[in-house]
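Enquirer: These protein sequence lines map, in sequence, to chains Y and H.
Residues 25 to 127 (my numbering) are what the first sequence spells out, left to right.
Residues 519 to 878 (my numbering) are what the second sequence spells out, left to right.
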Amino acid sequence: MPWIDACATSDIDAEDLIRFDHAGATYAIYHSPDGKFYATAGKCTHEDVHLADGLVMDHLIECPKHNGQFDYRTGEAKRAPVCINLKTFKTKVEGTRVYIEVA
Amino acid sequence: MTKRDYSLLGPDGQRAVDIGLAAAEWYHTDVPRKVMKELMQRSDQPAIRDTVILYGCMVAFAAMGIALWPSLWSIPFWLAYGVLYGSASDSRWHEAGHGTAFKTPWMNNAVYEIASFMIMRNSATWRWSHARHHTDTYIVGRDPEIAIMRPPAFARLLLAFVGVPDVIAFFPRLVYNAFIGVHPTEKTYVPHSEWSKVVRVARITLAIYAATLALAVWMQSILPLMVIGLPRMYGAWHHIMTGLLQHGGLADNVIDHRLNSRTVYMNPISRFIYWNMNYHVEHHMFPMVPYHALPALHEAIKHDLPRPNASIGEAFAEMWPALRRQFAYEDYFLHRDLPETAKPYRMDFHEGALGQTAAE
Chain Y
25 MPWIDACATS
35 DIDAEDLIRF
45 DHAGATYAIY
55 HSPDGKFYAT
65 AGKCTHEDVH
75 LADGLVMDHL
85 IECPKHNGQF
95 DYRTGEAKRA
105 PVCINLKTFK
115 TKVEGTRVYI
125 EVA
Chain H
519 MTKRDYSLLG
529 PDGQRAVDIG
539 LAAAEWYHTD
549 VPRKVMKELM
559 QRSDQPAIRD
569 TVILYGCMVA
579 FAAMGIALWP
589 SLWSIPFWLA
599 YGVLYGSASD
609 SRWHEAGHGT
619 AFKTPWMNNA
629 VYEIASFMIM
639 RNSATWRWSH
649 ARHHTDTYIV
659 GRDPEIAIMR
669 PPAFARLLLA
679 FVGVPDVIAF
689 FPRLVYNAFI
699 GVHPTEKTYV
709 PHSEWSKVVR
719 VARITLAIYA
729 ATLALAVWMQ
739 SILPLMVIGL
749 PRMYGAWHHI
759 MTGLLQHGGL
769 ADNVIDHRLN
779 SRTVYMNPIS
789 RFIYWNMNYH
799 VEHHMFPMVP
809 YHALPALHEA
819 IKHDLPRPNA
829 SIGEAFAEMW
839 PALRRQFAYE
849 DYFLHRDLPE
859 TAKPYRMDFH
869 EGALGQTAAE
């Protein structure tokens, strides 16, 4: 599994996320309120909508289209209309860079 | 002239899927991320305040209505109670269903269930129909919440002001859901995992109405039904009045909410009852913005939106003649002009799907 340099730690405000595209796939990278970084698939499992326009509340990401929610740490679907969990990816921080491990 | 088939299982819905009109990419006004994050922030305080006022007024008005019953002096209190029961419940159902009204999830869920009961919607089914309404807003054959179909059925529209079509549709479906299960059309948008909840909600709802009816029979009085059930009819007028304006007379089968939705400036009482859904273009474009932040969102993006209607009266004066023209020619619609500062309509998004030019 390759580690991909995704962004700088300063690219994402605390309690926010950004979109990251790589090799034809799209990801969402999160900066949690407690200073950790997480990564998930970039689109909602309900419909084809980028999560990067959504709202991070604590450890939840809310989809901007239908207000479905996931726990971005585990990918667990937490609120209708999402029913299918979100795929998650490992992250690591080296210096000021955030890396994600992609399949 | 195009004959529309609004059935969710019909050819228009399939055509929308085939040409990419369903679940399409919609136009959004550019809003800086920091501004949008501020607008999206959730808070319990405004909705707690409004909910205390709403339920407090309902209890007070119902108590006065009961105390003065059957005197004619009770009528004003029933009218006030009715509009809160039969109309404010529509906006509470809507906002709590989005999960944006309160910050705390259980508060959203509690208000959603109560409002769903009052507005006579199965809370399990309608959560999903509204998701589809946001995915495919006024896409014929895809959107299950198109209030004004073409050609408009004027008798039905007028009867809706006293809740008749909704109530007539509700009770047979309630019995169907309670005793048979999820209806085939509902299966097109309600996930299988939620079907048991649809049935459970229907059975609980049916039990409450049965108990209310039994009490009315036992008391030999319609008074229990004046409190539960009938206000969905005698108080429906306000949510129909405001609801028809959301999309009435505007384009269908387009993927720009500036074309198919209407923002109307309203008086404070109507905005309380309607919970700011008069900012309807804004709500559809950014559904994660809570009702209490919609006026601020409106200020942030109005340079990119058509001119709002100045009042309910002005909006009806615009919409009603358009509906009359649609009665004779159902392809007619009101074209929305944009301010010079706006980004243009993405005609490449929807020109092919429209298959027609604006009527004016």
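Every residue, glycine too, gets a C-beta built ideally from N, C-alpha and C.
1. Helix, strand or coil: which one does DSSP assign to residue 703 (chain H)?
2. Would you list the residues sitting across from residue 67 (chain Y) in a DSSP beta bridge?
3. Give a yes or no on whether the C-beta atoms belonging to residue 30 (chain Y) and residue 44 (chain Y) are separated by under 7 Å.
4. What's the gap between the Cα of residue 550 (chain H) and the Cα of residue 530 (chain H)?
5. Nearest chain H C-beta to residue 104 (chain Y) closer than 7 Å, yes or no?
6. Rounded to the nearest angstrom, what separates residue 124 (chain Y) and residue 39 (chain Y) at their Cα positions?
7. Going straight from the alpha carbon of residue 644 (chain H) to that of residue 114 (chain Y), what length do you get?
8. So the candidates are H:736, H:778, H:642, H:785; which of them puts its Cα closest to the Cα of residue 856 (chain H)?
9. Give the single residue among H:602, H:681, H:665 whose Cα lies nearest to the Cα of residue 647 (chain H).
10. Using 7 Å as the threshold, is the C-beta distance between residue 629 (chain H) and residue 606 (chain H) below it?
11. From the DSSP output, read off the bridge partner residues of residue 94 (chain Y).
12. With 16 as the cutoff for other CB atoms within 10 Å, does residue 121 (chain Y) come out buried or exposed?
13. Kindly indicate the opening and closing residues of the beta strand (DSSP E) around residue 40 (chain Y).
14. Any Cβ of chain Y within less than 7 Å of the Cβ of residue 875 (chain H)?
15. Would you mind telling me which residues of chain Y sit closer than 9 Å to residue 646 (chain H), beta carbon to beta carbon, in chain order?
16. Taking DSSP as the reference, what is the three-state secondary structure of residue 577 (chain H)?
17. Got a sec, what are the start and stop residues for the alpha helix (DSSP H) residue 29 (chain Y) sits in?
18. Determine whether the beta carbon atoms of residue 599 (chain H) and residue 580 (chain H) lie at a separation below 7 Å.
19. Could you list which residues in chain Y have their beta carbon closer than 7 Å to that of residue 649 (chain H), in chain order?
20. Count the other CB atoms, across all protein chains shown, that sit within 10 Å of the CB of residue 588 (chain H); report buried if there are 16 or more and exposed otherwise.
21. Taking only beta-carbon atoms, is residue 79 (chain Y) less than 7 Å away from chain H?
22. One question on the structure: do residue 717 (chain H) and residue 699 (chain H) come within less than 7 Å of each other, judged by their Cβ atoms?
23. Does any residue of chain H bring its CB to less than 7 Å from the CB of residue 71 (chain Y)?
24. With H, G and I counted as helix, E and B as strand and the rest as coil, what does DSSP make of residue 878 (chain H)?
25. Residues of chain H with CB under 7 Å from residue 95 (chain Y), in chain order?
26. Could you compute how far the alpha carbon of residue 620 (chain H) sits from the alpha carbon of residue 808 (chain H)?
27. In the region 557-589 of chain H, which residues sit with their C-beta less than 9 Å from some C-beta in chain Y, listed in chain order?
28. Given this structure, state the Cα-to-Cα distance separating residue 26 (chain Y) from residue 46 (chain Y), to the nearest angstrom.
29. Can you look up residue 642 (chain H) in the DSSP assignment and give me helix, strand or coil?
30. Closer than 8 Å, Cβ to Cβ, to anything on chain Y: give me those residues from the region 591-617 of chain H, in chain order.
31. Measuring only the C-alpha atoms, how far is residue 755 (chain H) from residue 749 (chain H)?
Expert: In this structure, then:
1. coil
2. Per DSSP, Y:74.
3. yes
4. 37 Å
5. Yes - at least one Cβ of chain H is within 7 Å of the one on residue 104 (chain Y).
6. 18 Å
7. 37 Å
8. H:778
9. Ranking the options by Cα distance to residue 647 (chain H), first place goes to H:665.
10. no
11. Y:85, Y:101
12. exposed
13. 40-46
14. Low confidence applies here, because residue 875 (chain H) scores a pLDDT of 43, under 50, leaving its location unreliable; read the following figure in that light. At a cut-off of 7 Å between C-beta atoms, residue 875 (chain H) does not count as an interface residue with respect to chain Y.
15. 104, 105
16. helix
17. Segment 27-32 is the beta strand (DSSP E) holding residue 29 (chain Y); no alpha helix (DSSP H) there.
18. yes
19. The answer, in chain order, is 90, 105.
20. It is exposed - the Cβ of residue 588 (chain H) has fewer than 16 other Cβ atoms within 10 Å.
21. yes
22. Taking the C-beta atoms as reference points, residue 699 (chain H) is found nearer than 7 Å to residue 717 (chain H).
23. yes
24. Confidence at residue 878 (chain H) is low in this model, with a pLDDT of 38, below 50, so the placement of that residue should be treated as unreliable; the coordinate-derived value is given next. In the structure shown, the three-state DSSP call for residue 878 (chain H) is coil.
25. Chain H residues near residue 95 (chain Y): none, gap ~13 Å exceeds 7 Å.
26. Taking C-alpha positions only, residue 620 (chain H) is separated from residue 808 (chain H) by approximately 8 Å.
27. 558, 559, 560
28. 12 Å
29. helix
30. 616, 617
31. About 10 Å.
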